[in-house]
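In the working numbering, the protein residues as written are 1 to 129.
Glycine included, each C-beta is placed from N, C-alpha and C at the ideal position.
Keep in mind that this is a model prediction, so the values were computed, not measured.
Working notes for the structure below.
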Amino acid sequence: MQIIALVGPSGTGKSHRATGIAHQLEAQAIIDDGLLIQGNRILAGSSAKRQPTRIGAIKSALFLEEDKVNEIKKAISDLAPAKILILGTSKEMAEKIASRLGLPTPSKYLSIEDVASEKEIRKAKYIRS
1 MQIIALVGPS
11 GTGKSHRATG
21 IAHQLEAQAI
31 IDDGLLIQGN
41 RILAGSSAKR
51 QPTRIGAIKS
61 ALFLEEDKVN
71 EIKKAISDLA
81 PAKILILGTS
91 KEMAEKIASR
101 LGLPTPSKYL
111 SIEDVASEKE
121 IRKAKYIRS
């Protein structure tokens with residue numbers, strides 16, 4: 001299984017672009033903010049964006065709760081994807097997510113700047129705020 005990471009600061013449009021990038025890279029699944037996603041469908045997990053506290057969001061995004069880890073691992077096993085795209089704010093975060101889920105270390109890293117213009121990133125940050 002190949003793991004590819006898309007990294008960049010929060011609010012720069014990674015989630016917005018993830019489905020298109022996954023399609024281009026022929027990745028069958030996306031791991032984003034505590035969720036395992038295939039196409040436009042959530043297969044497992046719970047969204048960090050819906051957590052009531054910042055600590056809860058971090059726990060969810062980094063898969064720090066064992067029951068969520070097991071849920072995602074089972075869903076990945078059932079799906080058996082050849083490639084997974086992991087979204088994170090840094091290489092270290094993507095590596096930590098992969099490790100927590102028992103996945104290989106990402107073999108390729110893309111920066112949000114590789115797939116979005118400076119203007120698009122500024123617009124995403126503005127919309128997010």
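- Here LEU62 carries a coil assignment [DSSP, helix/strand/coil].
- Rounded to whole angstroms, the gap between the alpha carbons of ASP33 and VAL69 is 13 angstroms.
- In the DSSP assignment, no residue is bridged to GLY102.
- 8 angstroms or more divides the Cβ of GLN2 from the Cβ of ALA61.
- Its chain contains ILE4, LYS83, LEU85 as the residues whose beta carbon lies nearer than 7 angstroms to that of LEU25, once the 5 sequence neighbours on both sides are disregarded; these appear in chain order.
- Contact check between the stretch 71 to 82 and the stretch 49 to 58: fewer than three CB pairs, one atom from each, fall below 8 angstroms, which does not count as touching.
- Put simply, the backbone Cα of ASP67 is about 9 angstroms away from that of GLY45.
- ASP78 carries a helical assignment under DSSP once its states are collapsed to helix, strand and coil.
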